[in-house]
Structures are given as structure tokens and as C-alpha cells.
Amino acid sequence: IASQNGVSPMPPRKSTVRKSIKNLFSSAPKFQKTLKRGVYLACLLCSEDRILVTNEDIMPIIEVDESYSSASLNSDFHWLMKISCNWEDVKSLRREIDKSTSAGVMPFRSKLLQACSQLQSVLGVQDLGQLHHSPIRDSDGSVVLIAVNYIKDPKVVTSTHVKWVSLGKVQRRVSSTVEQSESPLAPESLLSAVPELLSYARLSTFSLNRGLYLGYLKLKSSVDLIRIMVPEALPNVLPHIKIRDCPNISKEEWQWFRNLTLNEMRCPPTPAQSDFQSLLTSACSNLLEHLGISEDEGVSHRLYDVEVIELSEDVSFLLLLPPVEGVCSVPGHQEDTPAQRALQCLSLPVQVFEMIHMSTYQREHLHRFCRASCALETDAHLAQQAQREVSALWVKGHVMFTVDVFQAFSSEEHCPGKQGDRRDSAVLVQSWRVIYARRE
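Counting in my numbering, the sequence shown runs from 12 upward without gaps.
Written out as C-alpha cells, the structure is:
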């Protein structure tokens, strides 16, 4: 409302004052200054050439669980990657999980969501970013999950418990800090991994230019994971080479391609097919050379002819596959060529690759899928817990009914004859009670 002299009054500042007072009197967050055995969640926020650190100049780290005893963290880690697609669902999903505190792995996941909520609250940022492709571990049993995000406006972080520090200043301090640190996973030492963390987070969001590409599929199996080989410079796609700018394949070209893979070349190719053949042959030769695979080995490779893989409207892929026995190497079998090692190829778990790949080329679809998947998985765990509780009640009721029946028939009214029979029935009733007590 305008004042009498036509000048609008100053906007109210109650919300700003209230926020400042809240920050002033709020209790300090429980950032970890030392890391012991357990699982921790850290957040690396970057804005231009600065990163966010605590007042002690370390990365914001929250303890998740100091007594996590699972042999493998993979399933929970991949579940948290789905959560990272919809950070706004953390509180509502935690409420659903807390409905049952004994549903298998759910207590630990509740602690994960609690740590996420604490970081969101302390930092004042809802979107903590994407998780690094693997947890950072040490020999003492410490495991750190790190979320990385780029912040356009550093002013969105209003907490008095953190501050922005130039990346150059952090890197100059890291070398001396690491030498003095006894623990390989001390919070100060984690800062030495900042360049690698930021590089992966940035490179995994780049998309390919418009065109048709030839990709190379190579898998590696381990005890509990299947990994896929990707270039470190672009980890969200397979090792590849560009065939041409047009991503579409005509019906005529596809017919020739299918006949080639089926060895059914009955007539010479048309001019369009001949041009496509030349481009594809050149791409195969260059890709194999790029990966350090010899011509003799390349002869046994195959082209995937079931479909053209469309990453988006502008990017399509054909796949080049190793021989059947070489598609997926077993543990302990080293097959990386010198060229592949020179290219610094990564071996990412398939679930991680799917997340960063879909986040780049099908982001909205991935977010909807992850939201539905997390909700369904939570409901499934809660339903299984409810089923166990109902089964326990049924067993209890069945046992108690049986005991009552034996008690009734062991009475003198139903067994008027022999005292020994009643005594045997009483012993049987007592045995049922002991069995039921052991079950509980």
C-alpha cells in the first residue's frame, strides 16, 4: 500500500531478523572432527573457485552409524543414489521408514536419511548434489559417502557454522596437513580428494554432441558387483568414437547392417549403403586402435544388431562387442591393454553408470523412476515386516489354543480313570510352554 506522499514503505524485515536470531542461538551442528570406525556422510559444495568448509576448515561431515556391521554397503549406497535424485523426499521417506524400526536394513537407511536431513538443515541447502561413484574407505573400517554439488549463488548458504574458502588456499594447506595426519581418512585429509571429486561431478554431466557413435562394451565381474568400463574423461557413456553427425539410420542402411552381421550379403550395396559401410569400417578400425586392440583380436569382435540405442533425440549408438568369452572378465583376470590404462578408463558399478548416464540423457524420467522405486522398496520392506508380525501372532495364538486344549483334556472331568494319564498330559502342557518360550 502506498503512503500518503506516494512513496511505497520499506518492505518488512521481520523474516530476515528472525532468521539471523535463529542462526545466532541455534546449537552448533555435530560435524565430525575425527573419523573412527563407522559410516559417515559428507557434502562438498562448490561455487566458482570456492568450496564450503566448516569453521575448523574441514569438509562438513555427519556421522551415520558407528556400528554398521554389514559385509557390503553396495545395496544401501545404490539406494542412497536414488534418493539423491529427489532430495526433497528425504523427510517424508524417513517418516515412512520410521513406522517400522525392525524391518531388516531399514534402521540403517533411516540413519542415512537422518544424516541427509541434518546436512540439509545445517547448510540451508536442500539439493546436496550427486554422490561420488564409490565410498571412500580406509583399513580401519571408516567409510565416507560424499555428495558433490555446484552452487550458482553462494548466498543461499546462510549458516554461521560454515564458510566459503578459495580452492587454491585449500590445496596449499592440504600437503602439510596430510603429512601431519596419522589417519588416512582424517577430515583434513579428505580435502586432498577435492579436485578428483569436483572433476568427476563435472565430467559426469557432460553430454555428447549430436551424432551417431560407435561404443565399446566391456564388463568386469566381482563377488557382488558387475562393473562397466568407461572413459575417465566422460564417465557417463561407453568408450566411443563418432561415426557421423546424423544420429538416424535409414531403413536401407539398417538392412545392410543386419545382412552384414548375419553374413547374408547377396547383392552389392547401394551408394547409400556403401557410404555407411565406409564410415562404419573406419570407426571400428579407429576405435579398436584407440583401445589398443590389435587387428587379429579385432576380427573376433561383433556388432550388436538388435537395435540402435538412442540416448536422446540427438545422440544414437551402435555397439561393438568383444568375443562371447571376453565380454565380462572374471575376478583376478587382468585384460586392460596399455592403451586402455593410458586412457585412464574407470570401472564403474553398472548401477552407478545407469544413474549418471540417465541423469544426463533422461533426467526427468530418472527422477520419476527413482521416486517410485524408493517408495515401492520401502513399502515392500514394511509389508514384509507386517507379515512377520502377523505370522508371529498366528503362531502364538495357535500354541496357546493347543495348550488350552491339553489342559482341558488333562482335567479329571475328561480323564476320570488314571492319575498317570493326567500327569502325562500336564507334562505335555508344560513342554508346549517351554517350546513357545524358546520361540519368543
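Note that beta-carbon positions come from the ideal geometry of N, C-alpha and C, so glycine has one too.
Predicted, not measured: the structure shown is a model, and the values here were computed from it.
Taking the alpha carbon of Ala158 as the point to measure from, which residue in Asn259, Val181 and Arg213 has its own alpha carbon closest? Position 147 of the sequence shown, counted from the first residue, corresponds to residue 158. Sorting Asn259, Val181 and Arg213 by C-alpha distance to the C-alpha of Ala158 places Arg213 at the top.
Identity of the residue in Glu388, Leu271, Leu329 and Ser103 nearest Arg86 by Cα: Numbered from 1 along the sequence shown, position 75 holds the residue referred to as residue 86. Here the sequence assigns Ser to residue 86, which means Arg is not the residue at that position. Of Glu388, Leu271, Leu329 and Ser103, the residue nearest in Cα terms is Glu388.
For the alpha helix (DSSP H) containing Gly452, name the first residue and the last one. The question about residue 452 has no answer, for the chain in this structure spans 12 to 451.
Check this for me: beta carbons of Ser203 and Val185, under 7 Å apart or not? Taking the sequence shown and counting its residues from 1, the one referred to as residue 203 is at position 192. Taking the sequence shown and counting its residues from 1, the one referred to as residue 185 is at position 174. In contact: Ser203 and Val185 (Cβ atoms closer than 7 Å).
For the stretch 64-82 and the stretch 354-373, state whether three or more C-beta atom pairs, one from each stretch, are separated by less than 8 Å. Taking a cut-off of 8 Å for Cβ pairs, the stretch 64-82 and the stretch 354-373 do not touch, as fewer than three such pairs fall below it.
Cα separation between Leu104 and Ala386? Within the sequence shown, residue 104 is the residue found at index 93, counting from 1. Within the sequence shown, residue 386 is the residue found at index 375, counting from 1. So the two alpha carbons sit approximately 8 Å from each other.
Do Cys381 and Lys47 have their beta-carbon atoms positioned less than 7 Å apart in this structure? Your numbering for residue 47 matches position 36 in the sequence shown. Your numbering for residue 381 matches position 370 in the sequence shown. Lys47 is not a Cβ neighbour of Cys381, given a cutoff of 7 Å.
Contact set for Tyr372: own chain, Cβ-Cβ below 6 Å, skip 5 residues either direction: As a working mapping, residue 372 is identified with position 361 in the sequence shown. Scanning its chain for C-beta atoms nearer than 6 Å, with the 5 sequence neighbours on each side dropped, one finds around Tyr372 the residues Leu322 and Ser323, in chain order.
Strictly by DSSP, which residues pair up with Val240? To locate residue 240, count along the sequence shown from 1; it is residue 229. What sits at residue 240 in the sequence shown is Met, not Val. For Met240, which the question treats as bridged, DSSP gives the partners Ser358.
May I ask which residues mark the beginning and end of the beta strand (DSSP E) holding Glu74? Working through the sequence shown from its first residue, we reach residue 74 at position 63. Per DSSP, the unbroken beta strand (DSSP E) holding Glu74 starts and ends at Ile72 to Asp76.
If you draw a straight line from the C-alpha of Gly109 to the C-alpha of Pro165, how long is it? In the sequence shown, counting from the first residue as 1, residue 109 sits at position 98. In the sequence shown, counting from the first residue as 1, residue 165 sits at position 154. Here residue 109 is Asp; the residue named in the question, Gly, does not match the sequence. In this structure, the straight-line span from the alpha carbon of Asp109 to that of Pro165 is close to 34 Å.
Using a threshold of 7 Å, state whether the C-beta atoms of Leu299 and Gly309 are closer than that. Mapped onto the sequence shown, residue 299 falls at position 288. Mapped onto the sequence shown, residue 309 falls at position 298. Closer than 7 Å, so yes.
Under 7 Å between C-beta atoms, does His251 make it to chain C? In the structure shown, chain C does not exist; there is a single protein chain.
Take Pro280 as the anchor and find which of Lys163, Trp267 and Ala394 has the nearest alpha-carbon. Translated into positions along the sequence shown, residue 280 becomes position 269. Among Lys163, Trp267 and Ala394, the Cα nearest to that of Pro280 is on Trp267.
N- and C-terminal bounds of the beta strand (DSSP E) containing Ile94: By 1-based counting over the sequence shown, the position of residue 94 is 83. Unbroken run through Ile94 is the alpha helix (DSSP H), Asn85 to Ile94; no beta strand (DSSP E).
Between Ile62, Ala126, Phe88 and Pro118, which has its C-alpha nearest Gln43's C-alpha? Against the sequence shown, residue 43 aligns to sequence position 32. Nearest of Ile62, Ala126, Phe88 and Pro118 to Gln43, Cα basis: Ala126.
Pull up the CB-CB distance for Arg120 and Trp90, whole angstroms please, since I reckon it's below 8 Å. Counted from its first residue, the sequence shown places residue 120 at position 109. Counted from its first residue, the sequence shown places residue 90 at position 79. Taking a contact as a CB-CB distance under 8 Å, the pair Arg120 and Trp90 counts as one, their CB atoms being some 7 Å apart.
Please report the Cβ distance between Arg255 and Leu225, rounded to the nearest whole angstrom; I am assuming they are in contact, meaning their Cβ atoms lie under 8 Å. One-based indexing of the sequence shown puts residue 255 at position 244. One-based indexing of the sequence shown puts residue 225 at position 214. With a Cβ gap of about 10 Å, Arg255 and Leu225 do not count as contacting.
Which of the three DSSP states is assigned to Thr65 in this structure? For this step, residue 65 is matched to residue 54 along the sequence shown. In this structure, Thr65 counts as strand in the three-state DSSP scheme.
Might you give, ordered along the chain, the residues of its own chain that have their beta carbon closer than 7 Å to the beta carbon of Val341, omitting 5 neighbours on each side? The sequence position of residue 341 within the sequence shown is 330, counting from 1. Within the same chain, Cβ atoms closer than 7 Å to the Cβ of Val341 are found at Ser232, the five residues on either side in sequence being excluded.
Am I right that Leu330 and Leu228 are in contact with their C-beta atoms under 8 Å? What's the rounded C-beta distance? Looking up residue 330 in the sequence shown gives position 319. Looking up residue 228 in the sequence shown gives position 217. Between the beta-carbon of Leu330 and that of Leu228 there is about 5 Å, and that keeps the pair under the 8 Å contact cut.
Classify Glu400 as buried or exposed, calling it buried when 16 or more other Cβ atoms lie within 10 Å of its own Cβ. By 1-based counting over the sequence shown, the position of residue 400 is 389. Glu400 comes out exposed.
Cβ neighbour criterion (16 or more within 10 Å) applied to Gln122: Residue mapping note: residue 122 aligns to position 111 of the sequence shown, counting from 1. Strictly speaking, residue 122 in this sequence is Lys, with Gln absent from that position. A residue is called buried when at least 16 other Cβ atoms come within 10 angstroms of its Cβ; Lys122 meets this threshold and is buried.
Own chain partners of Gly49 with C-beta closer than 8 Å, once the 5 adjacent residues on each side are dropped: In the sequence shown, the residue the question calls residue 49 occupies position 38. Only Glu74, Val75, Asp76, Glu77, Ser78, Tyr79, Gly152, Ser153 and Val154 meet the Cβ criterion.
Taking the alpha-carbon of Asn160 as reference, which of Ile260, Leu249 and Cys54 has the nearest alpha-carbon? In the sequence shown, residue 160 corresponds to position 149, counting from 1. Distance check between Asn160 and each of Ile260, Leu249 and Cys54 places Cys54 closest, using alpha-carbon atoms only.
6 Å Cβ shell around Ile147 - same chain, five flanking residues per side excluded: Reading the sequence shown from its first residue, position 136 is the one you call residue 147. Same-chain partners within the cutoff: Val155.
Mapping DSSP to helix, strand and coil, what is Tyr211? For the purposes of this step, residue 211 is taken as residue 200 along the sequence shown, with counting starting at 1. Tyr211: helix per DSSP, three-state reduction.
How about Leu63 and Trp175: do their beta carbons lie closer than 7 Å? In the sequence shown, counting from the first residue as 1, residue 63 sits at position 52. In the sequence shown, counting from the first residue as 1, residue 175 sits at position 164. In this structure, Leu63 places its C-beta atom within 7 Å of the C-beta atom of Trp175.
By the three-class DSSP mapping on this structure, what secondary structure does Gly49 have? Counted from its first residue, the sequence shown places residue 49 at position 38. Note: Gly49 maps to strand in three-state DSSP.
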